[in-house]
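Asker: Can you read through this structure? Questions will come right after.
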Amino acid sequence: MMRQYELVERVTRYNPDADEALLNKAYVYAMQKHGTQTRASGDPYFSHPLEVAAILTDLRLDDATIAVALLHDTIEDTDATRAEIDSLFGEEIGKLVEGLTKIKRLDLVSQKAKQAENFRKLLLAIADDVRVLLVKLADRLHNMRTLHHMPEHKRGRIAEETMEIYAPLAGRMGMHDMREELEDIAFHTLNPEAYETITDRLVDLRERNRDLILDIETTLTERLSERGMAALVKGREKRPYSIFRKMQRKAIGFEQLSDIYGFRVTVGTVEACYRVLGVIHTTWPTVPGRFKDYISTPKQNDYKSIHTTIVGPSRQRVELQIRTISMDRVAEYGIAAHALYKDGEFGGRNIARHTEDCRAFEWLRRTTELLAQGDTPEEFLENTKLELFHDQVFCFSPKGRLIALPRGATPIDFAYAVHTGIGNTCVGCKINGKIMPLVTELHNGDEVEIIRSPAQTPPPAWEAIAVTGKARAAIRRATRESVRKQYGALGEHILKRAFARAEKAYSEDLLEAILDLLHQASVADLLAAVGRGDLSAQLVLKSAHPDYQDERVAISGPPLEEGWFGLKQGHGLKFRIPPGELDADKAAAGESGEPEEGPALPIRGLSGDIPVTFAPDGGAVPGDRIVGILTPSEGLTIYPIQSPSLKEFDDQTERWVDVRWDIDVNNPERFPARLDISAANEPGSLATIAQVIGENSGNIDNVKMMQRASDFHQMIIDLEVWDLKHLNRIINQLRTKPNVSSVSRVNG
2 MMRQYELVER VTRYNPDADE ALLNKAYVYA MQKHGTQTRA SGDPYFSHPL EVAAILTDLR
62 LDDATIAVAL LHDTIEDTDA TRAEIDSLFG EEIGKLVEGL TKIKRLDLVS QKAKQAENFR
122 KLLLAIADDV RVLLVKLADR LHNMRTLHHM PEHKRGRIAE ETMEIYAPLA GRMGMHDMRE
182 ELEDIAFHTL NPEAYETITD RLVDLRERNR DLILDIETTL TERLSERGMA ALVKGREKRP
242 YSIFRKMQRK AIGFEQLSDI YGFRVTVGTV EACYRVLGVI HTTWPTVPGR FKDYISTPKQ
302 NDYKSIHTTI VGPSRQRVEL QIRTISMDRV AEYGIAAHAL YKDGEFGGRN IARHTEDCRA
362 FEWLRRTTEL LAQGDTPEEF LENTKLELFH DQVFCFSPKG RLIALPRGAT PIDFAYAVHT
422 GIGNTCVGCK INGKIMPLVT ELHNGDEVEI IRSPAQTPPP AWEAIAVTGK ARAAIRRATR
482 ESVRKQYGAL GEHILKRAFA RAEKAYSEDL LEAILDLLHQ ASVADLLAAV GRGDLSAQLV
542 LKSAHPDYQD ERVAISGPPL EEGWFGLKQG HGLKFRIPPG ELDADKAAAG ESGEPEEGPA
602 LPIRGLSGDI PVTFAPDGGA VPGDRIVGIL TPSEGLTIYP IQSPSLKEFD DQTERWVDVR
662 WDIDVNNPER FPARLDISAA NEPGSLATIA QVIGENSGNI DNVKMMQRAS DFHQMIIDLE
722 VWDLKHLNRI INQLRTKPNV SSVSRVNG
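Under my numbering, the very last position in the sequence shown is 749; numbers go up by exactly one each time.
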């Protein structure tokens, strides 16, 4: 484990003006707080924050960030508090540590919504101060380096999470070395067979081409030196996951790869880069289609370099990257490079200010803007992943504006990248002056002109065509807004008719006054809720005019179809059963066309009254499509058709009875339903849920707490409702409550 003075020396080596007292204090404080805690490997827990700090010293970060690395687990895993850290280390460091503490452990496989919500928190914290990201990535890198100490059942989840979120996020920030290491470790864990195969092939190739890298380095250096070019030439071997990904993407074999070996040529100036390119292209033949100039058109993460592939010595294809020293530093450290030097001066504690003009940080800010657009956490995570994983193409507007888009993007994505309003009013496009379909895939250098119409609204089908998260989110929002307006118009019509029938005054001012009572944010929300059926017109009418006395409207079922017989039960409920289901020796009872009153008609295999019960674990309510399962000596059990419990009877078709609801309009009654609810573990959550059910005339039969955690609890609620519409209204209103995470109906 690294000693205190060794850490200070690592920092002062690149920053002689570092605050040594701050580093020493953070070291001692974190070591004392973690005390005797240990990791899965058995090492002292303090070794983890210490290694995270060491990784950040390799990135040459400021002393405040190193202190945060030492302290990043103290609030979460010890008795340390934000107030205590503020008083000892200052509010700046306290805020960063708290930002990292708020990020819960993510679970990609079993808690999608929780993962998405925590990813939102991560990006919000990063957008406030990029040092949160740097510490988080270093934290994940050390955890991946020690992943083999974790229990086997946890390794896959952690590796998958790293591959899906942290590695591409590091790449987006330009930190390619960190991304490649994260990907390789995750790849080794998720697909060990493929990893071993590629590694073995690389070993064989390395043995066959033992002197190739040295020969090419020497030859390149000599050729450039002959023309007066001072350059550093360095060879490298492609990493296993990078090879695997390319083989998959291009559907080619290992032998067909042309860039397993690559070389980096580093020079002093941008002009020298192009001079080197000229020397290389006039010395060796180039491979067509393998030239990219990221100096004139940088990537969004600030990456700049010239890429070209030549047929070099020994007829071997060689990929070359030509860049300046500063470009090389950005390519290696990414966004962290902005902490190193600014105009030749060490950035010190101003890393956050120095990243303001960083293109990678611009992407991050644009991504966090989606948080304010009303997307659910799951939608946000999906949209962000779309942008994390795609390579880029560069297109131009007719005025010459450069637009970077993911590979596979369409003119729809281009329109939304320019402006959301342009995307929403897009009706067609011209690509390179020619009218083309909106589904056309764009390529590098395309000039795209969007044809617009103010009467246009984006159709929902566009969401399946769009590639970028921004376009998908905007289309989804426009679709929701369009549907909401339709529901609002319908709700207004329903309310006006209800108020007119009751001979009561109707106005928007009247609705405004009862918004809090009905838990609605605006009149538009209230009207949409009525249009959707989440709020009844009678409830709104009674809220606006408390003196109004309404009469309950009996629930009506579908009309009795000709040729069906009634089955009367003790509690007043009737189900209709087709004549073919009746016992043959009792079917004569229906010959007169009139069903018997009193005792129920017998069903095949039974005689006398037939007991009817509802399915356990959820029941059924009017509005559900239902089926009866006949059990000798027990009677008929009514299941909703969507109940997974019906799978048990797939091979017992003789027990299935086709039944229908036949509600007595003069004697409405309630029916059983069951809800699975996840809510925040905070005072008042259960009261809020009970209040919503009560306000909607639901009746709670039973509440069972299934799972309880520090931040949420799961409960099963059995309740009684009038019908399916009544149940859905309760579910929809529960979902609007901020302390309710999810609500779903249980059907077995």
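Glycine included, each C-beta is placed from N, C-alpha and C at the ideal position. None of the values given here were measured: they were computed from a predicted structure.
For Phe264, is the classification buried or exposed, using 16 other Cβ atoms within 10 angstroms of its Cβ as the cut-off for buried?
Answerer: Phe264 comes out buried.
Asker: Taking the alpha carbon of Arg481 as the reference point, which residue from Gly470, Ala499, Ala501 and Thr458 has its own alpha carbon closest?
Answerer: The option with the nearest alpha carbon to Arg481 is Thr458.
Asker: Helix or strand or just coil, what does DSSP make of His546?
Answerer: Three-state result, His546: coil.
Asker: With a 10 Å radius around its C-beta and 16 neighbouring C-beta atoms as the bar for buried, classify Gly175 as buried or exposed.
Answerer: Under this definition Gly175 is a buried residue.
Asker: Using the Cα positions of Met707 and Ile717, report the straight-line distance between them to the nearest angstrom.
Answerer: One C-alpha to the other measures close to 7 Å.
Asker: Spatial neighbours of Lys293 within its chain, please: C-beta separation below 7 Å, excluding the five flanking residues on both sides.
Answerer: His308, listed in sequence order.
Asker: For Ala462, which residues in the same chain have their Cβ closer than 8 Å to its Cβ, ignoring the five residues on either side in sequence?
Answerer: Counting only Cβ-Cβ distances below 8 Å, and skipping sequence neighbours, we find nothing.
Asker: To which residues does DSSP link Thr325 through a beta bridge?
Answerer: In the DSSP output, where bridge partners are listed per residue, Thr325 has Val268.
Asker: The alpha helix (DSSP H) that contains Ile515, what's its start and end?
Answerer: Counting along the chain, Ile515 falls outside any alpha helix (DSSP H), and DSSP gives it neither H nor E.
Asker: How is the beta strand (DSSP E) around Glu442 delimited, first residue to last?
Answerer: Segment: none, Glu442 is in no beta strand (DSSP E) and carries neither H nor E.
Asker: One question on the structure: do Gly409 and Ala416 come within less than 8 Å of each other, judged by their Cβ atoms?
Answerer: Result no, Cβ atoms of Gly409 and Ala416 do not sit closer than 8 Å.
Asker: Could you round the C-beta distance between Val541 and Leu516 to whole angstroms and report it? I think they count as a contact, below 8 Å.
Answerer: 11 Å between Cβ atoms; not a contact.
Asker: What's the call for His35, buried or exposed, on a 16-neighbour Cβ count within 10 Å?
Answerer: It counts as buried.
Asker: May I ask you to report which of helix, strand or coil DSSP gives Lys239?
Answerer: Lys239: coil per DSSP, three-state reduction.
Asker: Quick one: Cα of Gly43 to Cα of Met151, how far?
Answerer: Cα-Cα distance, rounded: 11 Å.
Asker: Applying the 10 Å Cβ sphere with the 16-neighbour rule, what's the burial state of Ile253?
Answerer: Answer is exposed; the Cβ neighbour count stays below 16.
Asker: Assess, as a yes-or-no matter, whether the stretch 490-499 is touched by the stretch 433-443 under the definition of 3 or more beta carbon pairs within less than 8 Å.
Answerer: Verdict: no, contact absent.
Asker: As a quick exercise: from Asp665, Ile630, Thr421 and Ala545, pick the residue whose alpha carbon is nearest that of Asp659.
Answerer: Residue Ile630 is the option with its Cα nearest to Asp659.
Asker: Within the same chain, show all residues whose beta-carbon is closer than 8 Å to that of Arg141, passing over the 5 residues directly before and after it, in chain order.
Answerer: The answer, listed in chain order, is Thr163, Tyr167 and Leu183.
Asker: Could you check what DSSP says for Asn729 in three-state terms: helix, strand or coil?
Answerer: Helix at Asn729.
Asker: Taking the alpha helix (DSSP H) that Met437 belongs to, which residues open and close that run?
Answerer: Where Met437 is concerned, there is no enclosing alpha helix (DSSP H), although the beta strand (DSSP E) it sits in stretches over Lys435 to Met437.
Asker: Taking contact to mean 3 or more Cβ pairs, one atom from each stretch, closer than 8 Å, check whether the stretch 62-76 and the stretch 10-18 are in contact.
Answerer: The stretch 62-76 vs the stretch 10-18: in contact.
Asker: Which value, in whole angstroms, describes the spacing of the CA atoms of Val394 and Pro407?
Answerer: C-alpha separation (whole angstroms): 6 Å.
Asker: Return helix, strand or coil for Trp463, following the three-state DSSP convention.
Answerer: Here Trp463 sits in helix by DSSP.
Asker: For the pair the stretch 664-678 and the stretch 720-731, tell me if three or more CB-CB distances fall below 8 Å.
Answerer: The answer is yes - the stretch 720-731 touches the stretch 664-678, with three or more Cβ pairs under 8 Å.
Asker: Spatial neighbours of Leu647 within its chain, please: C-beta separation below 6 Å, excluding the five flanking residues on both sides.
Answerer: Correct list, in chain order: Tyr640.
Asker: Straight-line CA distance for Tyr46 to Ile86?
Answerer: Each residue's alpha carbon lies about 19 Å from the other.
Asker: Assuming Gly749 and Gly624 form a contact by the criterion Cβ under 8 Å, report the distance between their Cβ atoms to the nearest whole angstrom.
Answerer: No, Gly749 and Gly624 are not in contact; Cβ-Cβ is about 17 Å, not under 8 Å.
Asker: Could you check where the alpha helix (DSSP H) with Asn425 kicks off and where it finishes?
Answerer: Start and end: Thr421 to Asn425.
Asker: Using a 10 Å radius around the Cβ and a threshold of 16 neighbouring Cβ atoms, would you call Ala506 buried or exposed?
Answerer: The residue in question, Ala506, is exposed, as its Cβ has fewer than 16 Cβ neighbours within 10 Å.
Asker: With a cut-off of 8 Å on the beta carbons, I'd call Val468 and Pro412 a contact; round off their distance for me.
Answerer: Not confirmed; about 11 Å, so no contact.
Asker: Can you list, in chain order, the residues of its chain with a C-beta nearer than 7 Å to that of Glu99? Leave out the 5 residues immediately preceding and following it.
Answerer: The answer, listed in chain order, is Ile76 and Arg83.
Asker: Report, in whole angstroms, the separation of the C-beta atoms of Arg746 and Asn700, which I expect to be a contact under 8 Å.
Answerer: Wrong, their Cβ atoms sit about 16 Å apart, outside the cutoff.
Asker: Name the one or two DSSP bridge partners that Phe672 has.
Answerer: Answer by DSSP bridge pairing, in chain order: Val722.
Asker: Taking Ala54 as the reference, give the member of Arg40, Leu138, Glu93 and Leu89 with the closest Cα.
Answerer: Per the Cα distances, Leu138.
Asker: With DSSP as the reference, label Asp63 as helix, strand or coil.
Answerer: Coil at Asp63, not helix or strand.
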